[in-house]
Each structure stands twice: as structure tokens, then as C-alpha cells.
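Engineer: The following block contains the structure, expressed as C-alpha cells.
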Amino acid sequence: MKWFVVFFILFFINYSLENSTIYWDQYKNTKFNVHYAPIVTTEPPVIKHLESGLRRPPSFGKLEVIDYIHDEGDTECMTDTELLTALLQNGYTKHRVPDENGVEVTVEFWILEINSISELTSDFEMDFYVNELWYDKNLNFSHLPSCKENVTLDHGSLSKVWMPNNCFITTKFAEIHDSPFKNVFFTLFKNGTIWVNYRVKTKGPCTMDLSNFPMDTQNCSLVYLSFNYNNEEVKLRWNDHRPDPVYLLHDLLLPDFDLKNIIPEIKEIIYPAGKWDTLTVTFTFKRRYAWYFMQAFIPTYLTIFVSWIAFSLSPRAIPARTLLGVNAILAQIFQFGSMRTMLPRVSYIKAIDVWILGSMTFVFASLVELAVIGYQAKKFDQKISRKLVEYDENMLDHSAIYSDSNSVVSNHHSSETIQCCVVTINFLAFLKAQNVDFYAKLLFPAFYSLFNIFYWCYYGLGK
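The opening position of the sequence shown corresponds to residue 543 in this note's numbering, with each subsequent residue numbered one higher.
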């Protein structure tokens, strides 16, 4: 009986070991697939503010593990190309709007560079990223065996899916950079959200108002809308999750302007084919006028001051005073011509025109003052000549009546009288010219100061 019990125990142990080996082999050959149920939302994800300028996919929420299912036919994760091919073969067409109620497209601009602002052509050049997000329920791949939350595809794949066909209007040109390849970033998320990013170079219009040049402020704008779909099919929206959907990736330094403000707006424009949502962004630039102050205003001040030196010269120094005045007005004309070559031809008066013409008026007035003094000198010379002729005639008559032995003494007294009259007349003429110069020294700086106060208050501060 004892040997029977021992034999039974050994038989049971051997049987248990054989069965456990069979079960272990079956377990090793079993495939376990993890199926994920994404938290699907119809709202497009938010583009986070990227301080570093790097692109990162938006957040979609957490994944929930549903079940472990043994399926001998399951394969490994699909590649990005296989995933897109599977989606497009399932009755997908890019010519149909994904949602019959319309698709909302969220837009955001990231400014890279503003290269130039031209007064001659009234435009500006800018490099920036255009971000677009929309939801296409037909591209939801949460039911496919994908190991990723999102897939990034090349720009060629973008032409296979539906797009809102947005474009810039009122621009002279707009192009996507293609160095060394087409700069298009295309990401498809598991719930069907599409994120497209372009690096674009465009030349947009500026409403150039040069009436306050060079203390002017200019506005340049871009207009973005869907070329093919009105707002019943495509609803364009700025990214309202940020206070500034158009922002700079880094600080800009322009040679002639400072960027003062960026104003994004959304407008509705009516066309014969319907109403279109239009995204407008306006850039406000304030001109830096330090260079113009050094090149135009300071030389003008110096020219005016040089023209005033003539007031301190002798009234008889007509050639020297004429040389100063003529050189000053020629310098003003040369400055005015050099400024005009830098600006477009406009039909209104600019602030720089008022400045140069006002300064030329003061230089011209100094020449007029010189002409007054010259006229007075000529007038007194003629008066002296006339007095001398009259005196000579009187003396001849006098000498004919009193021709005696005292004629020598009489002639001596007559010459002294003539000399005294000439000196007196010259002195009076000199005093009158000196008075003109004296008043010119006071009035010219006073009126020029009033002109400067009016000019800088009106153009520099008020306007």
C-alpha cells in the first residue's frame, strides 16, 4: 500500500509538469494587442506659444486602455504612408468639404523677418510662418493600428487631402520657400485634426502717406481668405486661445522704421458668389528720423547761421555779403534736390518740403536785406554826386563875381566845405545801413525761432 501511494504521487507530479509545459508554449505563441480609445473631440487642438520657435504637436488628452485581445491575424503598427493610403482608399475625396455645416479653420502667423519697406514702390517684404488647423472627420485613424498620436507627412501628401485653399490677396507676390525643399509642415492627428505650417515670403502693400515725412507713421497690411469657399463652407478664425495670433518669434531691427503695433482683424466681405471671411493683419511702422535730422535739418541750421554772418560785415562789403548769401541758397537747393530723389512723386506737400522751403525763404530774405543796403548805398552815392555838382555850379558863379586877390583863400574854404559835406553824407548813409543790419540781427533769429516752434509743434508733436 505504501508503494502504491508513492507511485501515485510521482505519476501526478509528472502529469502536472507535462501540462504546464504545454500551456507555457501556448502562452508564448499568443499575441496580445493593446487597443486604445482616444478621447476624440471635434474641437481642433491649440497651438501653444513656442518661445523657442520650435514646432511641437498640440495636446490631445490621455489614452485609455480598453482590452487585451488575442488575434492571430493582427500585424505590427502601420507606417505613416500605409496609414494615409488606408484612409484615402476608404471612399475619401479631397473635392468634398469634410463637414456639410462648414469647416472652421484656425489661423496663426509667426513673424520671422520684415526685410524692407519701400516708399518708392509702397510695399514691404516679410518672411513668416502660416499655421492652419482644421478638423477632417474622414481622416480619423483611431481605429487603425497606429502606434502614434500623430503622423508627419511630406508636402506631396498634402495635395491628396481636402484643403481650404487659403491665399493672400492684394499682395504683389507670395511664395513658399523651397530651399532646399518645399518648406511645408504637414501633421495629421489621430482624431482627424490637420495642422499645416508654411514658410512664406510675401510682398504686401503699404498705404504710404508722406505728408508728415520724415516724422511719419505708415501702415502695411495683409489680407488672407479662402479662394474657393465662402463662409458657409470655410469659416476662417484667428487663434483665439492667444491674445496675439500674429506675433514675432524674435525682436526685429529695421534700418528706417520701428514696428509699433500689430492689429489682427476678421472681416466679412461680400462678393457676387457669397460672403467670405477675411483675416486682415495691419502692421504699424514709425519712421526713425535721426538720419534725416543729421542729413537735412542740421545742415539747414548751419546754412541759415552762415547766412546771418553777412549782417555783421560792413555795409560796404557788398561782394563778400553776396557770396555768403548765394552760397547759402545754393546749398539749400542742393539739399532739396537730394531729398527729392529718395521719395516718390506725390501731389501734396510733405513736412520736409515745408522745412526746406521755409529755410530757403530765410536765406532769400537775407539776400533781400543785402539788396536794401546796396540800394541805399547807391542812392546816397547818387545824392553825393548831385550835391557836388550843385555845389560846383554855385562855386563857379561865386568865383565869377568875386575874382580878386583873395581867390586863393576862397578856394581853400570851398574845398574844405565840399569835404565836410561828403563826410557828413557818407556818415549818415553808414548809420542808416547799420540800423538795417542791427534790426536784421534781431528780427531774423526771432522769426526763425517762431518758425521752428510752429514746425516742430505741428509736425513733430501734433500731427
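Ideal Cβ positions, reconstructed from N, Cα and C, are used throughout, including at glycine.
State the start and end residues of the unbroken beta strand (DSSP E) segment that holds L654.
Structural biologist: That run of the beta strand (DSSP E) goes V645 to S660.
Engineer: Spatial neighbours of L662 within its chain, please: C-beta separation below 7 Å, excluding the five flanking residues on both sides.
Structural biologist: Same-chain partners within the cutoff: P886.
Engineer: Of the choices T635, L912, Q976 and D669, whose alpha-carbon is the least far from that of L790?
Structural biologist: Here the closest residue by C-alpha is D669.
Engineer: Taking contact to mean at least 3 C-beta pairs separated by less than 8 Å, is the segment 760-767 in contact with the segment 888-898?
Structural biologist: No contact exists between the segment 760-767 and the segment 888-898.
Engineer: Quickly, what does DSSP pair V765 with across the bridge? List them, please.
Structural biologist: In the DSSP output, where bridge partners are listed per residue, V765 has I711 and T822.
Engineer: Would you kindly work out how many angstroms separate the C-alpha atoms of L909 and E655, rounded to a whole number?
Structural biologist: Cα to Cα, L909 sits roughly 51 Å from E655.
Engineer: In three-state DSSP terms, what is P785?
Structural biologist: Of the three classes helix, strand and coil, the one that applies to P785 here is coil, per DSSP.
Engineer: For A716, I'd like the list of residues in its chain whose CB is within less than 8 Å of its CB, leaving aside the five on either flank, ordered along the chain.
Structural biologist: Once the five neighbours on either side are set aside, the close Cβ partners of A716 are C709, F710, V742, K743, T744 and K745.
Engineer: Taking L872 as part of the alpha helix (DSSP H), name the residues at either end of that continuous run.
Structural biologist: Here the alpha helix (DSSP H) through L872 covers I860 to R882.
Engineer: When you compare only the Cα positions, how much space is there between T824 and S721?
Structural biologist: Approximately 28 Å, taken between the alpha carbons.
Engineer: Quick check: does the Cβ of F996 come within less than 7 Å of any heavy atom belonging to the ligand FMN?
Structural biologist: Because no ligand of any kind appears in the structure shown, any question about the ligand FMN cannot be addressed here.
Engineer: Tell me which residues share the same chain as N657 and place their Cβ nearer than 6 Å to its Cβ, disregarding the 5 neighbours each side in the sequence.
Structural biologist: Excluding residues within five positions, the ones whose Cβ falls inside 6 Å are E667.
Engineer: Looking at L695: is its Cβ nearer than 8 Å to the Cβ of F728?
Structural biologist: For L695 and F728, yes; Cβs fall inside 8 Å.
Engineer: Using the Cα positions of Y1000 and N773, report the straight-line distance between them to the nearest angstrom.
Structural biologist: Straight-line Cα distance between these residues: approximately 46 Å.
Engineer: Between the C-alpha atoms of K920 and G879, what's the straight-line distance to the nearest angstrom?
Structural biologist: The alpha-carbon atoms of K920 and G879 are separated by roughly 36 Å.
Engineer: Express the C-alpha separation of C748 and D819 in angstroms, rounding to a whole number.
Structural biologist: So the alpha carbons of these two residues sit roughly 22 Å apart.
Engineer: May I have the straight-line CA-CA distance separating L844 from F651, to the nearest angstrom?
Structural biologist: Looking at the two C-alpha atoms, the distance is approximately 48 Å.
Engineer: Quick check on K920: does DSSP put it in helix, strand or coil?
Structural biologist: In this structure, K920 counts as helix in the three-state DSSP scheme.
Engineer: Mark W780 as exposed unless 16 or more other C-beta atoms lie within 10 angstroms of its C-beta, in which case mark it buried.
Structural biologist: Buried: at least 16 other Cβ atoms inside 10 Å.
Engineer: Quick one: what's got a C-beta closer than 7 Å to T864's C-beta in the same chain, skipping five residues either side?
Structural biologist: Within the same chain, T864 has close Cβ partners L912.
Engineer: In whole angstroms, give me the CA-to-CA distance for F769 and A815.
Structural biologist: Rounded to the nearest angstrom, the two C-alpha atoms are 11 Å apart.
Engineer: I need the DSSP call for N733, collapsed to helix, strand or coil.
Structural biologist: In the structure shown, N733 sits in coil (DSSP, three-state: anything other than H, G, I, E or B).
Engineer: Do V645 and P706 have their C-beta atoms within less than 8 Å of each other?
Structural biologist: Yes, they are a contact pair.
Engineer: Going by other Cβ atoms of all chains shown within 10 Å of its Cβ, with 16 needed for buried, is E642 buried or exposed?
Structural biologist: So E642 ends up on the exposed side.
Engineer: Leaving out the 5 sequence neighbours to the left and right, which residues in its chain are closer than 7 Å to S849 when beta-carbon positions are compared?
Structural biologist: Within the same chain, S849 has close Cβ partners L866, G867, A870, V905 and S908.
Engineer: May I ask you to list the residues that DSSP assigns as paired with D800?
Structural biologist: In DSSP, D800 forms a bridge with K828.
Engineer: With 16 as the cutoff for other CB atoms within 10 Å, does T635 come out buried or exposed?
Structural biologist: Result: exposed.
Engineer: Identify the residues that DSSP records as bridge partners of L778: which are they?
Structural biologist: Looking at the DSSP assignment, L778 forms a beta bridge with V647.
Engineer: Taking DSSP as the reference, what is the three-state secondary structure of V888?
Structural biologist: Three-state result, V888: coil.
Engineer: Since I believe G734 is in contact with K679 (beta carbons under 8 Å), could you give me their beta-carbon distance rounded to a whole number of angstroms?
Structural biologist: Confirmed, about 5 Å.
Engineer: What residue does the beta strand (DSSP E) around F835 start on, and which one ends it?
Structural biologist: Per DSSP, F835 belongs to no beta strand (DSSP E) and is neither H nor E.
Engineer: What residue range is occupied by the uninterrupted beta strand (DSSP E) comprising E667?
Structural biologist: That run of the beta strand (DSSP E) goes D665 to Y677.
Engineer: By DSSP, does Y569 sit in helix, in strand, or in coil?
Structural biologist: Residue placement at Y569 cannot be trusted, given a pLDDT of 40 that sits under 50; what the coordinates show is reported in the next sentence. Looking at Y569 - three-state DSSP - the assignment turns out to be helix.
Engineer: For V639 versus N673, is the C-beta distance shorter than 8 Å?
Structural biologist: No; because the gap between Cβ atoms is not below 8 Å, this pair is not in contact.
Engineer: Are the beta-carbon atoms belonging to V726 and I718 less than 8 Å from one another?
Structural biologist: It is a contact, given that the beta carbons lie within the stated cut-off.
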